[in-house]
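Presented below is the structure to which this report refers.
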Amino acid sequence: MKHSLFVFIFLITFVHSAQQQDKVDFIHGKVDIKIDPKIETITGSVAYKFKVLQKVDTVFLDAQNLKLIEVTLNNKKVKATNYGKKIVVHKRLKANKTYTLDITYAALPKQTVYFLGWKDDVLGNEQIWTQGQGKYTSHWLPSFDDMTEKVEYDLDISFDKSYEVIANGALVTTKELDGLKKWSFNMDSPMSSYLLAFAIGDYRKKEVESSTGIPISLYFYPSDSTMVEPTYRYTTAIFNFLEKEIGVPYPWQNYKQVPVRDFLYAGMENTGITIFSDSFVMDSIAFKDRNYVNVNAHEMAHQWFGDLVTEVDGSSHWLHEGFATYYALLAERALFGNEYYYWKLYESAIHLQDLTQEDRGEALIDPKASSLTFYEKGAWALHMLREQLGEEYFRQGIQQYLKTYGYRNATVDDFIRIMELVSDTDLDAFRNRWLEDKEFPFGEAKTSLVRESEDLRNFFGLQKELMTSSTDNESIIKRYWGNTKSDQLKSQIIKTYYKSLSDDFISEAIRSNNVRVRQAIALAVGQIPLDLKSEFEFLLEDASYITKEAMLYKLWINYPGDRVNYLNKTQGIIGFSNKNIRLLWLSLALLTKDYEPNNTNEYYLELSEYTSPIYPTEVRQGAFQFLEQLIGLSDNNLLDLVNASQHHSWQFRKYARSLLDQLLKKKEYRDRIDRLSVKFNEEELRYISNKLISE
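So this note's numbering is basically just the index in the sequence shown, starting at one, shifted up by 58.
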């Protein structure tokens, strides 16, 4: 009965507080925290300055499992109740008066703040970083899960002076005291608290500047100094393009980019500081295969669309992701040409059409829509809106929208209303077709592509001619091939019609000076003809890690007698940051009979070691896959797999748990995992015990 009464009182208090929070305007937050990575705690304080618009008797902040130490209002202790998810301050407050609320607290965050490498023996492997996507900053700071509360934050962080601390805003001062160093950061404009962020680790940085004088800091690990240029290639060009294209000055004091290990997404557009996955740190060869350019431009565009103007709720998420995706495509068009832009739109249109045909289409204003809808369909909606309104009205509308709602929140209705006013156009039909309809209008999209893109006109023309012609397919393909210089069109022809091409055609294409075409061939080939064996062996030396990986595996499969030669040619190649080629090479070396028998144990130990928590998740997952499929998992690998089942990255955790489920169906692995349970920590033991009982 007492428990029920407590819940009832809490609900009444919470609803009452929520109704009154719009009567209070939080203006400034001064955060001062100290972080202990060994016990993964944050202690400190936050001082909020707020103005009361109408008289109220409570004020609340979101606080997920934080321990309250002291709460004062205008320097006097005040009654505050900690409900576990919210802190409610009980005090009658007068209208039109400004107050200062000081909260001293301690946090043991279970999410949002991630501590990596502090429990291993690898020097320089230590990191701390945040990911507050949407509403999770309240796990380490009393703040606001509601994105409509915009506050100007200043952030002080005390930490070991041998590391670098990076956060939102301009670094104003640093001060050393008792072996620690305090970094003081200042923001001069309001922001939603979910965009507060910091990253700590062993970093160096390269400083560049935009054409308008905005400082841009490019962070990197000391061991990656040679990869700074290819990783951050075109960064200033993208920044300058976005400022000019959007037509509204960059809204923050500076811009920083920080790579971190085992990040939850590709990147996150925290205000003035993008934190991104270090899997995008790459050399010049990797740049040709996959690079940071699109993610770089996407997160940078968010500084306007998402950070400067923020959605009100999920039904307006298009205003973030669709806009960032679209402007990233525009930046890539400026860098790589019009046809690149239209091919990217075509590829996304195919995926969206598939979604529609599977009866899984989604409206852009559906808050539960998938990323494919918000990002790709959202970009398409803006592409079509620009075509409908014309260049001039579209740009004027975007600028008016950003100026009207800058440092505030907006809805889709707000955006549409601005665009209608500026262009004097009724957008009801556009809204119905592109924002509310679940189906993707592929016919309209195709018409747009054919009208604007010579490449796609040719590609659709080729498709139509091949479907209706009774003549030899290759002669038609050759005609289109010979009439274009487009890498994109040629690689698409290979992907689509590889089986229709003769050995002579493939041989000539391989020897062309076109990395994209050779990559398409390497991925498309299955059985390698003996007459083309030397040409495909040539691809082992190609300037593409994707091509090298594909050809090493396929040549090894097709020509067993030459396996030693292929392994010797590729020994020592690592590949991407996920060690794609090295992991494959080690596996093939172990499977190749009599290949360097004196080194077999060394190769096995290296492959087996890559499942360890000291390595990034993409390396660990690749090692697990090769070991499980080809050799089997050792006890150490099983311990690493159980560890992975509790990982903070949901994608990696899901993979590890799926693999564990498969293994637990086999008595041998069940018995081994059961014997190893004495080595599990509390969370691992609880998870495995439940699994063993349920099987």
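All residues carry an ideal CB built from backbone N, CA and C; glycine is no exception.
1. Hey, D341 and R319: beta-carbon distance below 7 Å or not?
2. What residues are listed by DSSP as bridge partners for G259?
3. Go ahead and pull the three-state DSSP assignment for A324.
4. What residues in its chain sit with their C-beta under 8 Å from that of K219, if we drop five residues either side in the sequence?
5. Between the beta-carbon of S250 and the beta-carbon of M205, is there less than 7 Å?
6. Taking Cβ positions, are W376 and L422 nearer each other than 7 Å?
7. Quick check: the Cα distance between S268 and R576, rounded to an integer number of angstroms?
8. What do you reckon, are the CB atoms on W438 and Q546 nearer than 7 Å?
9. With distances taken from CA atoms, which of L300, S374, A392, L743 is nearest G436?
10. Please list the segments of the beta strand (DSSP E) lying wholly inside the region 383-466, counting only runs of 3 or more residues, in order along the chain.
11. Would you check if the region 441-457 and the region 469-481 touch, i.e. whether three or more CB-CB distances between them fall below 8 Å?
12. Nearest-angstrom Cα distance between Y279 and N328?
13. Mind listing, in chain order, the continuous alpha helix (DSSP H) runs of no fewer than 4 residues lying wholly within the region 560-626?
14. How would you write the range of the beta strand (DSSP E) that E686 sits in, first residue to last?
15. Going by DSSP, what residue range makes up the beta strand (DSSP E) through V171?
16. Is the separation between the beta-carbon of V339 and that of I672 shorter than 7 Å?
17. Please check the pair Y617 and K591, which I expect to be a contact at CB under 8 Å, by giving their CB distance rounded to whole angstroms.
18. On a Cα-Cα basis, can you pick out the residue from I604, F84, N298 that is closest to I343?
19. For the region 119-132 against the region 159-171, do three or more pairs of beta-carbon atoms, one drawn from each stretch, fall closer than 8 Å, so that the two count as touching?
20. Report the option in F321, W492, I304, D513 whose CA atom is closest to the CA atom of R711.
21. N396: which of Q315, F345, E512, N694 sits nearest, CA to CA?
22. Using the rule of at least 16 other Cβ atoms within 10 Å of the residue's Cβ for burial, across every protein chain shown, is V330 buried or exposed?
23. Starting from S275, follow its DSSP beta bridges and name the residues at the other end.
24. Who pairs with M249 in a beta bridge, going by DSSP?
25. How many angstroms separate the CA atom of R391 from the CA atom of N298?
26. Give a yes or no on whether the C-beta atoms belonging to G364 and P425 are separated by under 7 Å.
27. Apart from the five residues just before and just after E369, which ones in its own chain have a Cβ nearer than 8 Å to its Cβ?
28. Given this structure, state the Cα-to-Cα distance separating E98 from A257, to the nearest angstrom.
29. Taking C-beta to C-beta, are L254 and T195 nearer than 7 Å?
30. Using 8 Å for Cβ pairs, my map puts A761 next to A407. What's the rounded Cβ distance?
31. To the nearest angstrom, how far is it from the Cα of E523 to the Cα of D693?
32. What are the start and end residues of each continuous alpha helix (DSSP H) run of 4 or more residues lying completely inside the region 456-518, in chain order?
33. Could you tell me the distance, in whole angstroms, from the CA atom of W539 to the CA atom of G584?
34. Starting from T162 and walking both ways along the beta strand (DSSP E), at which residues does that stretch end?
35. Cβ atoms of R150 and D178: under 7 Å apart, would you say?
36. Mapping the DSSP letters down to three states, classify F66 as helix, strand or coil.
So, from the listed chains and residues:
1. no
2. Q185, E222
3. coil
4. E234, G237, L238, K239
5. yes
6. yes
7. 36 Å
8. no
9. S374
10. none
11. yes
12. 20 Å
13. 561-568, 573-582, 591-596, 603-616
14. Here E686 belongs to no beta strand (DSSP E), and DSSP marks it neither H nor E.
15. 171-174
16. no
17. 7 Å
18. I604
19. yes
20. F321
21. E512
22. Rather than Val, the amino acid found at residue 330 in this sequence is Gly. Buried is the call here.
23. E265, K314
24. V209
25. 14 Å
26. no
27. M205, H375, L377, H378, N467, A468, T469
28. 14 Å
29. yes
30. Residue 761 is absent from the structure shown; the chain starts at 59 and stops at 753.
31. 59 Å
32. 470-481, 500-510
33. 22 Å
34. 155-165
35. no
36. Reliability fails at F66, whose pLDDT of 45 lies under 50, so the model's placement of it is uncertain and no value is given.
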